[in-house]
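A.B. asks: In terms of our numbering, the sequence shown opens at residue 44 and continues consecutively. Where is the CB? At the ideal position from N, CA and C, for every residue including glycine. Fair warning: this is a prediction, and the values are worked out from it, not measured in the lab. Could you have a look at this structure, given as structure tokens, before my questions?
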Amino acid sequence: MINDVPSIIYDKNKNPLRVIKSSRVFFKKHGRVGYVFHVEREERITSISEFDLVEDNGNFVVTKDIFENSDTM
């Protein structure tokens, strides 16, 4: 589990994503407690699990595309 909740994480292209909220939850699939981060980019908000992050030189980077569909309906 991440010890300190980051204020910024990065997408796969190294673009910053602002963490606007974090929630500590139990992940049944992983059998342990972890964080869900609610991140914002260009006025869009989504959630990402700490299990979808890797640490790279002190920064957390998302391992999957979370804003892949940018089109609005």
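May I ask you to report which of helix, strand or coil DSSP gives residue 85?
C.D. replies: Indexing the sequence shown from 1 puts residue 85 at position 42. Note: residue 85 maps to coil in three-state DSSP.
A.B. asks: Can you give the Cα-Cα distance for residue 56 and residue 67, rounded to whole angstroms?
C.D. replies: Translated into the one-based positions of the sequence shown, residue 56 becomes position 13. Translated into the one-based positions of the sequence shown, residue 67 becomes position 24. Cα to Cα, residue 56 sits roughly 26 Å from residue 67.
A.B. asks: If you reduce the DSSP assignment to three classes, tell me which class residue 70 lands in.
C.D. replies: Within the sequence shown, the letter at position 27 stands for residue 70. Of the three classes helix, strand and coil, the one that applies to residue 70 here is strand, per DSSP.
A.B. asks: Give me whichever residues DSSP pairs with residue 99 in a beta bridge.
C.D. replies: Counting from one through the sequence shown, the residue named residue 99 turns up at place 56. The partner list for residue 99 (beta bridge, DSSP) reads 102.
A.B. asks: Give me whichever residues DSSP pairs with residue 64 in a beta bridge.
C.D. replies: Looking up residue 64 in the sequence shown gives position 21. DSSP, once it has assigned bridges, lists 81 as partnering residue 64.
A.B. asks: With DSSP as the reference, please indicate the residues paired to residue 90 in a beta bridge.
C.D. replies: Locating residue 90 in the sequence shown gives position 47, where the first residue counts as 1. BP columns for residue 90 point to 81.
A.B. asks: Apart from the five residues just before and just after residue 89, which ones in its own chain have a Cβ nearer than 7 Å to its Cβ?
C.D. replies: The residue you call residue 89 lines up with position 46 of the sequence shown. 82, 109, 110.
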